[in-house]
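What follows is a short report on a single structure.
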Amino acid sequence: MVNSENTKAQMRKGVLELCILSILSQRDAYPTEIIEKLKETKLVVVEGTLYPLLTRLKNTGLLTYRWEESTSGPPRKYYMLTEIGSSYLKELHLSWYELVDAVNKTINKQD
Amino acid sequence: MNKTVTINICGIIFHIEEDAFDKLSKYLNTIKGYFSKADGGNEIMSDIEARIAEMLQSKTSAVKQVVLMSDVDFVIDSMGKPEEFAGDASENNNSSDRGEGYDTYENGEPTKKRLYRDGDSKVLGGVCSGIAHYFGIDPVWLRIALLLMFFFAGTGFLLYIILWIAIPEAKTTTERLAMKGEKADINNISKAVKEEAEQLKKRMEKYGSEFKDMAARNVPRNAVEKTVDFIGDLLLNIGRVLLKIVAIFMVFFGIICFLGLFGTVFGMSFAVGNLEIQEWIDMILLDGSDFYIGLFGIAFFIGIPIIMMIYFGIKLLFKIRYYNRWLNLSAGILWLIGFSMLLYVGIRTGQDFNKVAKVRETISVVPNDTLILKMNEVNINFAELHVSDDSEEGEKDFSVNRRHNNFMIGKHGGVKYLLGYARLNIIKSQTNKIELIVVKEAHGSDKQIAKTRAEHISYNVIQQDSTLLFDNIFKVNDADKYRDQDITVILKLPVGKVIYLDKSLENMIYDLENVTNTYDGDMINRRWMMTENGLKCIDCDGLISVKEHDDDDRDNYIDPNDDSNGNVRINVNGVDINAQDAQIKVDSNGVKINSRESKLTIDKNGVHVKTKNNH
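Chains as they are written, first to last, in the numbering used here: chain A, 1 to 111; chain B, 1001 to 1615.
Right, dumping it as structure tokens:
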């Protein structure tokens, strides 16, 4: 039997970057907030996935962060988009729509 | 009732049940293992910890203060297992340096095997089980092998300690998996080597064809780049192979050196008084404590570099990149300690050689017109000799070759002595009396000590009628140590007095001045008279002096009927052997061999052979 879970996970992983950047383009957020949003849409199954990704995006210069004190816990790391991040997101948006379009066409043709 | 532990995550204090704590810390360690090699691994870790702190905080309240097992399970569930998410971290920074033994988990590929100590199935430090994992064998064999090696001067023990220090313990899951990864047995190693060679060959072919292409298409810049790439690649590969060879050599050579050193040190410290070299060391060093300080000094001074060589060899061989600063530091300190110990002993001993003193003792001689000079062979029980010079132990007829610093250690009546050869010199006396002076010489830390030591040297000259008997050997009590003692006997002979040099003196006389410049070896068995200019031979018919000898060389003919009874001379001028029926002469003119029946001459004109029957 082919493991469809694995394929689904790979698909989710591919678009996760786009989703994170989109969430942050609306407003700055700290990881928990991002996770909650992603969980709502079932895009993230395990939280651990997020942290390496955030660090990677930050290290490539798409994101940056600031510390904010929290009243109820440890200080929070608020992530925000950099200028490069914004333009990168625009590009991703474009290619995403192209991809969705292309995929839809392909799938529909086969129906 | 359960025990709780207080922990601090991201600056927030939690009371956590002990078993929950174990699970959580194991979980965090596993994640840490996955991210340890990734870019920003620490950052990811602290982000995750912050999140965990937040989650745990939401699970506790003023009423429920303690973190329970179920809370930790919840955290792990929502965070996910490391293998579910850690791939993301290594994916992007890995592609660049794969094949360098990078630990990766993506695509479920088996990781490259690395050497770690196995803390889970250890007897001592998990060295054997770790190596067993690496080679895919049963650790029992390694343990047996090491145990056996222990009996070879403790090599097994040393090796174990070095391996223990050199090999890091597998702490994280990553490391545990890397430890148990693909088997690296002999087959695999040879396979890997073959593959490496194959790859190298392919690459060379590839570069070769590319290079040709480049040359054909006339793209010089690229061609140069490719060449540089190729050479770099080649050097890198050759370097890797060389490094392995060097590493293997370092380990094996190190072990052999260690065995040698250990044998020496062990032998010297336990087999007290039974070794030649030790007797000498006893003779030279001031006391026993110096001996042990020196011994440990040598052990550290030589042993530490050997051990470090094995250590670095192992690290190179198994690509262990773990760095132990304390080890290097302590090794350095121990080495310096060893060096200082040697220096201390060296300086202390050296100082005792600092000053030299000579003592002159006059021995009265009953005058006689012709004094016969003979050597008295000192009777030493050579069977008891532990140390002799060139001769075999216990051999009685040792040849007394007068050389500088030619000493022996021997036992005489149960007492240990240092024995040296005395030297005889004969000079002209300024008075008309025969004087015999024994010059004793020794070294010491100051003049007085040196003088006392010199006085302690025992040496005898006995007169029996007209014969003077010179001891060939002087004795130094072992309490006086070897301090470069020396005896020179000076016989001052008034003009007109005659001496006869007995054959036994051959090796005792050294560069005796005489008017004919005759070599010492030619002076024996003859009578010599003291003249105003020095010793002159009075029964030297047939003896050719050096000067006459020089003139002789121009003479092409050797008189076959020379009536001397045989004469052998080998010196700077060549070889000159005169027997009753044959002569051999080798000198600057060539080679001449004459016998009754034939004659062979090799000179600037060529080779001439003459025989009696065939002219």
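Heads up, the beta-carbon is just placed ideally off N, CA and C, and yes, glycines get one too.
A distance below 8 Å between beta-carbons, with the five flanking residues on each side excluded, links residue 1202(B) to no residue of its chain. When C-beta distances to chain A are compared with 8 Å, the residues of the segment 1046 to 1057 of chain B below that value are 1047, 1048, 1050, 1051, 1053, 1054, 1057, in chain order. Residue ranges of uninterrupted beta strand (DSSP E) with 3 or more members, entirely inside the segment 1423 to 1507 of chain B and ordered along the chain, are 1423 to 1428, 1435 to 1444, 1461 to 1464, 1467 to 1471, 1473 to 1477, 1486 to 1493, 1498 to 1501. Of the candidates 1028(B), 1337(B), 1306(B), 1337(B) places its Cα closest to the Cα of residue 1296(B). The C-alpha of residue 1113(B) is placed about 43 Å away from the C-alpha of residue 1340(B). The DSSP assignment places complete alpha helix (DSSP H) segments of no fewer than 4 residues inside the segment 1283 to 1319 of chain B at 1288 to 1317, in order along the chain.
In this structure, DSSP gives residue 1359(B) an extended state, which the three-state scheme calls strand. Its chain contains 1524, 1525 as the residues whose beta carbon lies nearer than 7 Å to that of residue 1503(B), once the 5 sequence neighbours on both sides are disregarded; these appear in chain order. If you draw a straight line from the Cα of residue 1518(B) to the Cα of residue 1583(B), it comes to about 21 Å.
Leaving aside the five residues that flank residue 1021(B) on each side, the residues in its chain whose CB is nearer than 7 Å to its CB run, in chain order, 1005, 1007. DSSP, read as helix, strand or coil, puts residue 1522(B) in helix.
Taking each of 1426(B), 1521(B), 1535(B) in turn and checking the Cα distance to residue 1567(B), the smallest one comes out for 1521(B).
When 7 Å is used as the limit between beta carbons, residue 47(A) is near these residues of chain B: 1051, 1078, 1079, 1080, in chain order. In this structure, DSSP gives residue 1178(B) a helical state, which the three-state scheme calls helix.
With respect to chain B, the C-beta atom of residue 77(A) has a partner C-beta closer than 8 Å. For the pair residue 59(A) and residue 1041(B), the Cα-to-Cα distance works out to about 11 Å.
Residue environment: residue 1268(B) is assigned as buried (16 or more neighbouring CB atoms within 10 Å of its CB, all protein chains considered).
If you compare the alpha carbons of 1603(B), 1452(B), 1577(B) with that of residue 1589(B), the shortest gap goes to 1603(B). In the structure shown, residue 1014(B) adopts extended strand secondary structure according to DSSP, grouped into three states. Taking a beta-carbon distance threshold of 8 Å, residue 73(A) counts as an interface residue toward chain B. Looking only at 1301(B), 1049(B), 1489(B), the smallest Cα-Cα distance to residue 1334(B) is reached by 1301(B). By the 16-neighbour rule on beta-carbons within 10 angstroms, residue 1447(B) is exposed.
When only Cα atoms are considered, residue 1149(B) and residue 1155(B) end up about 6 Å apart. Partner residues in the beta bridge of residue 1169(B), as assigned by DSSP, are 1117(B). By a beta-carbon distance limit of 8 Å, residue 1298(B) contacts residue 1342(B). Their separation comes to about 7 Å. As DSSP reads the structure, residue 67(A) sits in a beta bridge with 77(A). Within 9 Å of the CB of residue 1011(B), the CB atoms of chain A belong to 74, 75, in sequence order along the chain.
Residue 1017(B) has a beta carbon lying at 8 Å or more from every beta carbon in chain A. Counting C-beta pairs with one atom in each stretch, the segment 1029 to 1038 of chain B and the segment 84 to 97 of chain A have fewer than three that are closer than 8 Å, which means they do not touch. The C-beta distance from residue 1012(B) to residue 1024(B) rounds to 14 Å, too long to fall under 8 Å, and the pair is not in contact.
Of the other Cβ atoms in all chains shown, 16 or more fall within 10 Å of the Cβ of residue 1438(B); this residue is therefore buried. Against chain A, a Cβ distance below 9 Å from residue 1040(B) picks out 52, 55, 56, 58, 59. For residue 1070(B), no beta strand (DSSP E) segment is defined; the enclosing uninterrupted segment is the alpha helix (DSSP H) at 1069 to 1079. Sequence-ordered contacts of the segment 29 to 44 of chain A with chain B read 31, 32 [C-beta pairs closer than 7 Å]. Going by C-alpha positions, residue 1057(B) is about 16 Å away from residue 33(A).
Residue-level contact by beta carbon fails for residue 1007(B) and chain A, as no gap is shorter than 8 Å.
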